[in-house]
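Residue numbers (this note's numbering), protein chains in the order written: chain E, 85 to 463; chain F, 482 to 801.
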């Protein structure tokens with residue numbers, strides 16, 4: 085599970101190990117000679133060799149260029165026609181046009197060369213231009229409620245929120261499956277009857293909810309420790325806000341609430357197929373709050389976000405982003421937590437009723453209306 | 482051939498007043514949507530007896546059992562154990578064998594046994610020890626660390642049964658314990674039930690196989706369509722229903738026996754006939770008539786088998 089999320093990222097940033105040959109058809113005649121050196125300047129392999137090697141191709145040998153690509157003598161080629169300074173575009177031909185790294189590098193290098201040559205043509209010194217257009221950095225300082233100023237990287241608040249969202253998404257995906265599978269196993273093997281002869285439906289359900297929540301915490305702990313392991317890069321981004329404990333509170337409440345919802349959806353299910361459906365519906369339902377949470381990034385202080393944060397389903401994720409970024413008022417936190425606790429409580433009662441009836445019901449999956457009837461039927 | 486399975490670790494002494502060995506079921510009613518499952522079922526189970534809950538498929542046996550164990554609630558009526566309502570503590574003194582296997586397929590046998598034992602209040606380490614002893618007695622020692630779904634159906638049934646015995650309950654409630662067992666294992670089960678009775682346990686079991694019930698039960702309750710049709714001592718019931726049955730062995734033309742009058746039902750074979758006389762008819766009259774038709778080699782008056790009592794009782798009720 086962990087490997088699945090970390091490995092792709094690592095792979096994407098992995099450096100190349102061999103020189104890539106790129107062909108060039110250059111009608112201007114001015115770019116090709118310089119391109120090789122520019123690319124070598126900017127992009128080297130770990131062993132010092134050039135990352136890219138330019139292979140000049142005559143302008144009338146388009147066909148041959150294509151053949152070279154298909155025979156993998158070159159991985160791609162670019163076509164620069166003489167009017168590039170005016171048209172501001174050139175062509176990239178390859179069997180794979182999704183190699184973003186390569187495309188982006190070529191684009192920026194060719195641009196630099198063309199700009200430089202244009203400047204020279206008009207009598208401007210390219211070296212002067214380079215010096216003058218050096219970027220200007222922005223240093224960000226975060227002002228906490230207590231008035232202390234800390235230097236913080238841009239987006240530092242979001243990192244914490246991101247971690248939460250990732251863990252929550254993982255939780256939704258895995259726990260949903262686990263819970264529904266366990267219900268099916270116990271129902272189809274009549275184990276549930278044996279359990280009920282020893283204990284009550286409420287106890288079984290509570291056990292499952294607590295078990296799931298603990299699973300969520302464990303996932304969180306694992307991710308946190310991975311984060312600490314990669315501490316070098318992450319530490320720069322991660323500033324622990326004063327009210328980290330509130331973040332934890334909403335983690336815990338969030339897990340409990342979502343686990344309860346899973347129980348409600350999973351209890352009436354009997355077959356593998358119904359299980360799939362149920363898991364899908366609930367997962368979709370629970371992914372919505374994550375989307376809403378991203379609104380926070382856009383405008384963290386918007387008023388309507390305060391209202392949205394109080395909707396129980398959205399509370400955990402919205403608070404997750406809002407707390408580190410621009411901490412909500414105490415009353416908001418308290419109210420949000422309270423509403424979440426109360427909702428979870430009522431959901432548990434409803435879930436209990438649905439569970440009690442659902443685990444002994446086989447056959448046709450009950451309609452939503454029927455589920456509502458179960459939920460409102462006492463004991 | 483009798484296969485005896487040795488007694489458990491120690492013989493529990495039934496403690497008066499604290500036990501759950503008396504089951505009182507009173508006027509149970511239960512309707513599922515439109516189907517009436519139970520329509521006023523009442524019976525008692527006495528301590529130390531083997532009680533048979535009999536009936537055809539769909540009669541309401543499983544529903545009765547589930548309600549007794551607190552798995553589902555009745556619409557009305559009550560279930561009491563030694564006069565008290567079922568509490569969690571008392572549940573630890575009961576054992577339940579469901580009709581179909583209720584084991585976690587992908588778990589190891591020993592783990593499943595320890596888990597179910599702990600649900601009934603046995604310390605896990607204790608449960609493990611007891612489980613190993615029982616596995617040995619049922620000749621399943623080698624399978625302790627295997628996954629449940631690697632075992633055959635019969636072996637799984639034995640494991641299920643062991644899970645009923647681990648916590649040394651006072652009363653066992655078994656739903657169709659013989660279903661799916663081959664003849665050898667059926668004998669093992671029967672012997673086990675008799676041994677358990679001798680150690681003072683009370684056993685309630687449901688079945689629609691009358692041959693098993695006949696050999697084991699002290700008292701029975703036969704239900705059909707959710708109503709009690711017969712209830713009481715097995716011997717009494719057989720006596721009350723019995724004396725109309727005659728078995729004849731003979732030589733001669735079996736078809737001639739169709740000429741016998743005053744016969745209610747007849748199962749006719751080449752050289753053997755089972756027949757039921759009409760009420761009020763004297764067995765000697767039938768004998769005299771038969772002797773005129775064939776050469777009688779053997780004549781006996783039978784106590785009715787539970788099977789025929791069942792068919793008669795259920796058949797009549799179906800007409801209603």
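Glycine residues also receive a C-beta, built at the ideal position from the N, C-alpha and C atoms.
Considering only DSSP beta bridges, list what residue i is partnered with.
i                      : result
residue 779 of chain F : F:730
residue 656 of chain F : F:687
residue 711 of chain F : F:703
residue 744 of chain F : F:758
residue 134 of chain E : E:128
residue 560 of chain F : F:506
residue 577 of chain F : F:654
residue 341 of chain E : Note: residue 341 of chain E sits in no beta bridge, so no partner.
residue 140 of chain E : E:108
residue 534 of chain F : F:687 and F:702
residue 512 of chain F : F:517
For residue i, which of the options has the nearest alpha-carbon?
i                      : options                       : result
residue 644 of chain F : F:608, F:709, F:666 and F:651 : F:608
residue 688 of chain F : F:525, F:506, F:512 and F:534 : F:534
residue 698 of chain F : F:707, F:704, F:560 and F:684 : F:684
residue 557 of chain F : F:513, F:690, F:664 and F:671 : F:513
residue 159 of chain E : E:203, E:200 and E:105        : E:105
residue 620 of chain F : F:636, F:606 and F:708        : F:636
residue 696 of chain F : F:712, F:682, F:617 and F:674 : F:674
residue 298 of chain E : E:213, E:338 and E:180        : E:338
residue 642 of chain F : F:770, F:546 and F:670        : F:670
Considering only their Cβ atoms, is the gap separating residue j from residue i smaller than 8 Å?
i                      : j                      : result
residue 443 of chain E : residue 401 of chain E : no
residue 394 of chain E : residue 419 of chain E : yes
residue 370 of chain E : residue 335 of chain E : no
residue 124 of chain E : residue 117 of chain E : no
residue 353 of chain E : residue 359 of chain E : yes
residue 344 of chain E : residue 253 of chain E : no
residue 560 of chain F : residue 594 of chain F : no
residue 149 of chain E : residue 136 of chain E : no
residue 705 of chain F : residue 536 of chain F : yes
residue 347 of chain E : residue 294 of chain E : no
residue 710 of chain F : residue 785 of chain F : no
residue 129 of chain E : residue 100 of chain E : yes
residue 630 of chain F : residue 587 of chain F : yes
residue 682 of chain F : residue 652 of chain F : yes
residue 168 of chain E : residue 140 of chain E : no
residue 201 of chain E : residue 114 of chain E : yes
residue 356 of chain E : residue 407 of chain E : no
residue 479 of chain F : residue 517 of chain F : The first residue shown for chain F is 482 and the last is 801, placing residue 479 of chain F beyond what the model contains.
Alpha carbon to alpha carbon, how far is residue j from residue i? Give it in angstroms, no decimals.
i                      : j                      : result
residue 450 of chain E : residue 543 of chain F : 23 Å
residue 601 of chain F : residue 585 of chain F : 17 Å
residue 437 of chain E : residue 453 of chain E : 14 Å
residue 504 of chain F : residue 569 of chain F : 16 Å
residue 549 of chain F : residue 522 of chain F : 12 Å
residue 817 of chain F : residue 583 of chain F : Since the first residue shown for chain F is 482 and the last is 801, residue 817 of chain F is missing from the structure and cannot be characterised.
residue 428 of chain E : residue 701 of chain F : 49 Å
residue 122 of chain E : residue 207 of chain E : 22 Å
residue 306 of chain E : residue 247 of chain E : 11 Å
residue 757 of chain F : residue 781 of chain F : 12 Å
residue 329 of chain E : residue 399 of chain E : 15 Å
residue 783 of chain F : residue 726 of chain F : 5 Å
residue 176 of chain E : residue 260 of chain E : 45 Å
residue 574 of chain F : residue 719 of chain F : 33 Å
residue 715 of chain F : residue 506 of chain F : 19 Å
residue 627 of chain F : residue 659 of chain F : 24 Å
residue 110 of chain E : residue 221 of chain E : 37 Å
residue 515 of chain F : residue 273 of chain E : 26 Å
residue 736 of chain F : residue 678 of chain F : 47 Å
residue 787 of chain F : residue 532 of chain F : 14 Å
residue 320 of chain E : residue 431 of chain E : Confidence is the limiting factor: at residue 320 of chain E the pLDDT is only 47, short of 50, which leaves the residue's position unreliable and the question unanswerable from this model.
residue 333 of chain E : residue 216 of chain E : 50 Å
residue 498 of chain F : residue 563 of chain F : Residue placement at residue 498 of chain F is flagged as unreliable, the pLDDT there being 43, under the threshold of 50; the coordinate-derived value follows with that caveat. The alpha-carbon atoms of residue 498 of chain F and residue 563 of chain F are separated by roughly 7 Å.
residue 456 of chain E : residue 508 of chain F : 31 Å
residue 690 of chain F : residue 667 of chain F : 12 Å
residue 796 of chain F : residue 790 of chain F : 10 Å
residue 654 of chain F : residue 424 of chain E : 44 Å
Does the CB of residue i have a neighbour CB from chain B at under 8 Å?
i                      : result
residue 524 of chain F : The question asks about chain B, but that chain is absent: this structure's protein chains are E and F.
Cβ-based contacts, 9 Å cut-off: residues of the region 252 to 282 of chain E near chain F: 269, 270, 273, 274, 275, 276, 277, 278, 279, 280, 281 and 282
Selection of the region 424 to 454 of chain E by Cβ proximity to chain F, strictly under 9 Å: 444
Residues of the region 651 to 667 of chain F with Cβ closer than 7 Å to any Cβ of chain E, in chain order: none
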